[in-house]
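Participant:
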Amino acid sequence: MTLKEEFATRNFSIYGQWLGVLSMILCFALGIANIFTFNVLIIIFSIIALVSSFVILFIEVPLLLRICPTSSGFDAAIRRISTNYMRAGAYGVMAIVQWLTLIFAVTSLIAVAVFLTITALCYLLAGVKGQAFVGSKTLGGAGVAQMIV
Numbered sequence: 063m064t065l066k067e068e069f070a071t072r073n074f075s076i077y078g079q080w081l082g083v084l085s086m087i088l089c090f091a092l093g094i095a096n097i098f099t100f101n102v103l104i105i106i107f108s109i110i111a112l113v114s115s116f117v118i119l120f121i122e123v124p125l126l127l128r129i130c131p132t133s134s135g136f137d138a139a140i141r142r143i144s145t146n147y148m149r150a151g152a153y154g155v156m157a158i159v160q161w162l163t164l165i166f167a168v169t170s171l172i173a174v175a176v177f178l179t180i181t182a183l184c185y186l187l188a189g190v191k192g193q194a195f196v197g198s199k200t201l202g203g204a205g206v207a208q209m210i211v
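The opening position of the sequence shown corresponds to residue 63 in our numbering, with each subsequent residue numbered one higher.
Listed below in structure tokens is the structure:
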């Protein structure tokens with residue numbers, strides 16, 4: 063299935079997965095960009111954004127759990143976030159944390175908060191509509207791991 067065909071399925075979990083990848087890139091880039099400030103609290107939120115980017119990477123690209131040497135506890139925690147509702151909850155928590163940066167200063171981390179919120183809403187919509195989670199084959203979804211092994 064090509065990327066165009068995946069988007070044509072109108073499955074919100076596919077939209078959520080690709081928005082998750084975009085959120086990961088934003089978390090990483092803006093986490094680094096905002097770490098160079100004199101506000102200690104913004105530095106802490108920047109570090110949280112950087113950590114979130116790596117968590118999102120393992121959530122959205124399941125093939126990495128087979129490739130990268132990670133602990134069994136980390137693998138189990140990431141594998142628990144497998145349903146649409148669990149993903150919506152995980153992204154919702156990460157979004158709320160980034161929205162809290164507005165209490166201290168308005169920074170570009172608001173873009174991270176917006177995209178994490180949109181991603182959480184896509185996964186929530188997929189759950190509410192009863193759509194089964196469908197992993198993108200481009201990102202290592204069903205069948206890709208078996209082709210490599």
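Glycine included, C-beta positions come from ideal geometry on N, C-alpha and C. What you are looking at is a predicted structure, and each value in this text was computed from that prediction instead of being measured.
(1) Measure the alpha-carbon distance for Ala138 versus Thr132 and round it to whole angstroms.
(2) Leaving out five residues before and five after Ile118 in sequence, what residues of the same chain have Cβ atoms less than 7 Å from its Cβ?
(3) Do Phe195 and Ser75 come within 8 Å of each other at the CB atom, strictly closer than that value?
(4) Return the Cβ separation of Tyr147 and Ala182 in integer angstroms, given the expectation that the two are a contact with Cβ distance under 8 Å.
(5) Going by other Cβ atoms of all chains shown within 10 Å of its Cβ, with 16 needed for buried, is Ile210 buried or exposed?
(6) Could you name each continuous alpha helix (DSSP H) segment of 4 residues or more that falls completely within the region 117-173, going from the start of the chain to the end?
(7) Considering only their Cβ atoms, is the gap separating Cys184 from Gly78 smaller than 8 Å?
(8) What three-state label does DSSP hand Gln79 in the structure shown?
(9) When DSSP labels each residue in this structure, what does Asn96 get in the three-state scheme?
(10) Among the residues of its own chain, which have a CB less than 8 Å from the CB of Met145, if the five just before and after it don't count?
(11) By how many angstroms is the C-alpha of Ser115 removed from the C-alpha of Phe107?
(12) With distances taken from CA atoms, which of Ile97, Leu186, Gln160 is nearest Val176?
(13) Since Asn96 and Ser170 should fall inside the 8 Å C-beta cutoff, what is the C-beta to C-beta distance between them, to a whole number of angstroms?
Facilitator: Let's see:
(1) If you take the alpha carbons of Ala138 and Thr132, they lie about 10 Å apart.
(2) Here the set comprises Gly82, Ser85, Met86, Cys89.
(3) yes
(4) With 8 Å as the limit, Tyr147 and Ala182 do not qualify as a contact, their Cβ atoms being about 10 Å apart.
(5) Residue placement at Ile210 is flagged as unreliable, the pLDDT there being 40, under the threshold of 50; a coordinate-derived value is accordingly withheld.
(6) 125-129, 134-142, 146-161, 163-166
(7) yes
(8) Three-state result, Gln79: helix.
(9) helix
(10) Looking at the sequence itself, residue 145 is Thr, so the reference to Met does not match. Excluding positions up to five away in sequence, the list reads Gly189, Phe195.
(11) 12 Å
(12) Gln160
(13) 6 Å
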